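Just so we're aligned, residue 860 is where the sequence shown starts under this note's numbering, counting upward by one.
The beta carbon of each residue, even a glycine, is placed where N, CA and C say it ideally should be.
The structure presented is a predicted model; accordingly, all values stated were derived computationally and were not measured.
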Amino acid sequence: MDSLLITGTLALTVGGMMWFPFLRKKRKPRSLYLSAVHLLLEGRKEEALEKLKKTVTSDTENIPAYIQLGAIYRETGYPVRAAKIHRQLLVRGDLEEDERISILRHLVLDYKTSNTLDLAIETAEQLTQRDKKDIENKKLLLSLYEQKKDWDKAFFYRQGINKWLKQRDQGILALYKVMSGIRQVEEGAEREGRIRFREAIKLDKGCVPAYLNWGDSYRREGRIEDALKTWKDLTNRNPDWAHLAFDRLKDALYELGRYGEMEEIYQQVIQKKPETADAAIQYIELLRKQGRLDQAMDFCEQMIEKYPDSTPLRITQFQLLRKKGDSKEALDLGEKLLSRISTPGNLYDCSHCGYETSDPLWHCPGCHQWDTFLKN
Ligand SMILES: [Zn+2]
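#1: When the Cβ atoms of the segment 1214-1234 are set against those of the segment 1177-1195, are three or more pairs found closer than 8 angstroms?
#2: Measure the CB-CB distance between R1017 and L999 and report whether it falls below 7 angstroms.
#3: Run the CB neighbour count on P1171, radius 10 Å, all protein chains shown included, and call it buried at 16 or more, exposed below.
#4: Assign C1159 to one of three DSSP states: helix, strand, or coil.
#5: Which class does E901 belong to by DSSP, given the choice of helix, strand or coil?
#6: Pull up the DSSP beta-bridge partners for T1216, would you.
#7: Given the structure, does Y1214 come close to ligand 1, in the sense that its CB is under 6 angstroms from one of the ligand's heavy atoms?
#8: For ligand 1, is there any heavy atom lying closer than 6 angstroms to the beta carbon of C1066?
#9: Let me confirm a value: T1231 is counted as buried when at least 16 other C-beta atoms fall within 10 Å, else exposed. Which label applies?
#10: Within the same chain, show all residues whose beta-carbon is closer than 8 angstroms to that of L954, passing over the 5 residues directly before and after it, in chain order.
#11: Assuming A1104 contacts T1094 under a Cβ cut-off of 8 angstroms, what Cβ separation, rounded to an integer in Å, is found between them?
#12: For K1036 versus R1055, is the C-beta distance shorter than 7 angstroms?
#13: Based on the DSSP secondary-structure assignment, which residues constitute the bridge partners of F1232?
#14: Go ahead and label P1224 buried or exposed: buried means 16 or more other beta carbons lie within 10 angstroms of its beta carbon, across all protein chains shown.
#15: Using the three-state DSSP reduction, which class does H1227 fall into: helix, strand or coil?
#16: Does any heavy atom of ligand 1 sit closer than 6 angstroms to the C-beta of G1047?
#17: Please state whether the Cβ-Cβ distance between W1073 and M1038 is less than 7 angstroms.
#18: Express the C-alpha separation of H965 and L1197 in angstroms, rounding to a whole number.
#19: Quick check: does the Cβ of G1030 come within less than 6 angstroms of any heavy atom belonging to ligand 1?
#20: If we ignore side chains and look at the alpha-carbon of each, how far apart do L1180 and R1050 end up?
#21: What is the DSSP secondary structure of R883, reduced to helix, strand or coil?
#22: Do you know how far the Cα of L1206 is from the Cα of E1120?
#23: Can you grab the Cα-Cα spacing for the pair R886 / D918, in whole Å?
#24: In this structure, how does DSSP classify W1221 when only helix, strand and coil are distinguished?
#25: Note down, in chain order, each residue of its chain lying with its Cβ closer than 6 angstroms to the Cβ of I1083, except the 5 sequence neighbours on either side.
#26: Can you give me the start and stop residues for the alpha helix (DSSP H) that A942 sits inside?
#27: Nearer than 6 angstroms: is that true of the beta carbon of H1211 relative to any heavy atom of ligand 1?
#28: Which ranges would you report for the alpha helix (DSSP H) in the segment 1088-1120 if only whole runs of at least 4 residues count?
#29: With distances taken Cα to Cα, identify the nearest neighbour of P1098 among Y937, G1116, G1065.
#30: Would the beta-carbon of Q1006 be found less than 6 angstroms away from any heavy atom of ligand 1?
This is the structure we're talking about:
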């Protein structure tokens, strides 16, 4: 035992002495690389880049240095150059599995950043195949399919992620169905589109754009009763958003000569959601058009009593007073109204990033989050 130990120690010492000059030579790139990493941690990318370039010139086996070099190119606006570096690394036969996975992940980001979406997806598919357990890979792939507007694939992957994480987001899954349906009807496949709108509502009864688009599709095909039923379902199930169906319902009922049916629709919404002024104002407008001025006035005052701060109701009251010819009271009210008018804001804004819009949206153009728009 003893002699073995001594022989071993001797061998090590001899080996150390023999290899000493080589080790010293090797040390330089190592410390170069380390200082590059430190610079990176301090956010000094340009300086890190220079050190990394030198590192890989003198130590062509330093895979992490190549990976970082590529990453900096991508982050400083040269994703194509980054992709080239990362792609060339993949050709090496001696990569460890975790290195290969890291390179693939960077390559996906390079392609994503340079907008070569198909290559990004192809690479991300490879990555998820190799590294099935990593949920981040699946999320990356999902974001790529969203970017590509491939809603059926996005649906598939989001569903998979939800199952994996034991979470539910039926609202977003439903919106994918709507997006997919809109794509179908744009390509002339109305029926296919409607199937998706129906699936969306099955997933989420509160999916407002599904009702609107479903009804619109029926309307385009002349199935006006079916369209009416779909839009009425929206006003019943989602009275908060009923106002989005009002114009469609009015047009269709007017065409059928059944405009009067709007009264009942408004009343139902008012009953369900008295605090949203839209239905009340539309109802008052309807009464006014039918010449039932006193009834309109009574109802308006009744609503104002409940919601004295509602500017839209006050404006409606002002219009009624003018119509009645009560100019003194109208002027008083007008003055009060003007004093509290601020700049008219946008109607909807994203609860995630604050993006403002006058149209209702379900997919934020600012931060790409889903279903983040709240009605002001
Ligand atoms: Zn947003």
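Taking the structure as given:
#1: no
#2: no
#3: exposed
#4: helix
#5: Correct three-state label for E901: coil.
#6: Y1207
#7: yes
#8: no
#9: Counting Cβ neighbours within 10 Å, T1231 comes out buried, since at least 16 surround it.
#10: For L954, where only same-chain residues beyond five positions count, the Cβ hits under 8 angstroms are I922, L948, I962.
#11: So it is a contact: roughly 5 angstroms between Cβ atoms.
#12: yes
#13: C1209
#14: exposed
#15: coil
#16: Outside the cutoff, so no.
#17: no
#18: 57 angstroms
#19: no
#20: 49 angstroms
#21: Low confidence applies to R883: its pLDDT is 48, below 50, so where it sits in the model is not reliable, and the reading given next is rough at best. R883 carries a helical assignment under DSSP once its states are collapsed to helix, strand and coil.
#22: 28 angstroms
#23: Caution applies to R886, whose pLDDT of 48 falls short of 50 and renders its modelled position unreliable; the value that the coordinates give is listed next. Their Cα atoms are separated by approximately 10 angstroms.
#24: coil
#25: A1111
#26: 938-949
#27: Residue side-chain check: H1211 places its Cβ nearer than 6 angstroms to a non-hydrogen atom of ligand 1.
#28: 1102-1114
#29: G1065
#30: Not under cutoff, so the answer is no.
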